[in-house]
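Undergrad: First the structure, which I've put down as structure tokens, then a few questions once you've had a look.
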Amino acid sequence: MKQNESLNKHNEQGGQRRDPFSALLCKIRRTVGVIFILAGIGIIGSSLALNFIQVTSKRRMIQEFKQEAAAEPANITLTQADPDEESEESAEAAQAQDRFAGNILGILRIPSIDSEEPVKEGVAKSSLHAALGHEPETAYPGEMGNCVIAGHRNYTFGTYFNRLNEVQIGDMLYFDTRTETYAYQVSEIQDDRGSEQLTLYTCTPLYIATRRLVVIADRVLE
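Last residue of the sequence shown? That's 837 in the working numbering, and every number before it is there in order.
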């Protein structure tokens, strides 16, 4: 009898010694769980905040560009140039400088996918952060040659080139500058034929980005 009472007391003491340890483990588990939950909320929140900032910045750029374009004359009148090749090239360069002056080159509109995006010069990270980018050393809209524009795919709000894969042959694209709007039609041609072209490219498939999706359009003269 005494032996049983002694054994029971020993078990009770052992249980009391284990209880603090079990409580500590439970506290650690709860703390780790809360940390993971807060980390997940932080990641999602920062992603949403970044996308909100990008969308807000894009809308502001588009609004400012349209205000600047409204203040510009509809047609540029150049001073009389000398009838030699050098003067003609200078006049064309001056006209191009007027059309594409400023932080934003223009606005690219793709009605078929409800897209309206500002276009900056260059494809560096700073340019593509909140806009599309014009590839340097390629033609500008309205010039002979291939105008190349790049853009990211934004997964949260579906902006930039996220829906570029939905563009179909025959769809119309529009590039608005401060003085003119250039219309292009998506075609099957994917090489430079000496015509005025607009090329769009992005990564595909969505999320995987193992290939390039390229859309080429020929200018339509109205």
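Beta carbons are placed, not taken as given, at the ideal position from N, Cα and C, and that holds for glycine.
(1) Around the C-beta of A824, are 16 or more other C-beta atoms found within 10 angstroms, so that it is buried, or is it exposed?
(2) Do L723 and K735 have their C-beta atoms closer together than 8 Å?
(3) Output needed for Y789: all residues of its chain with C-beta closer than 6 Å, excluding positions within five of it in sequence on either side, in chain order.
(4) May I have the straight-line CA-CA distance separating Q812 from D791, to the nearest angstrom?
(5) Which residue from T817, S672 and K681 puts its Cα closest to that of P778?
(6) Does DSSP put C721 in a helix, a strand or coil?
(7) Roughly how many angstroms lie between the CA atoms of T671 and K642, to the nearest whole one?
(8) What are the residues that DSSP puts in a beta bridge with L821?
(9) Would you please state the rounded distance, in angstroms, between the beta carbons of V738 and T753? I believe it to be under 8 Å.
(10) Could you give the DSSP three-state label for V738: helix, strand or coil?
(11) Go ahead and pull the three-state DSSP assignment for E781.
(12) Could you tell me the distance, in whole angstroms, from the CA atom of V835 to the CA atom of S741?
(13) Have a look at the DSSP bridge pairing and note the partners of C762.
(14) Would G766 pass as a contact of E731 if the rule is Cβ separation under 8 Å?
(15) Based on the DSSP secondary-structure assignment, which residues constitute the bridge partners of R827?
(16) Cβ of S727 within 8 Å of Cβ of Q678?
(17) Measuring CB to CB, does T814 end up less than 8 Å from V829?
(18) Determine the direct distance from the alpha carbon of N761 to that of N780, and round the result to whole angstroms.
(19) Tell me which residue opens and which closes the beta strand (DSSP E) that V801 is part of.
(20) K681 and A746 - do their beta-carbons sit closer together than 8 Å?
(21) Taking D729 as the reference, give the member of T774, G757 and A686 with the closest Cα.
TA: Reading from the atomic positions:
(1) exposed
(2) no
(3) R724, T796 and A798
(4) 15 Å
(5) Sequence check: residue 778 is Arg here, not Pro. If we check each option's Cα against that of R778, T817 comes out closest.
(6) What sits at residue 721 in the sequence shown is Gly, not Cys. Residue state, collapsed to three classes: strand.
(7) 43 Å
(8) Paired residue(s): none; L821 is not in a bridge.
(9) With a Cβ gap of about 10 Å, V738 and T753 do not count as contacting.
(10) coil
(11) helix
(12) 32 Å
(13) L813
(14) no
(15) C818
(16) no
(17) yes
(18) 20 Å
(19) T796 to V801
(20) no
(21) T774
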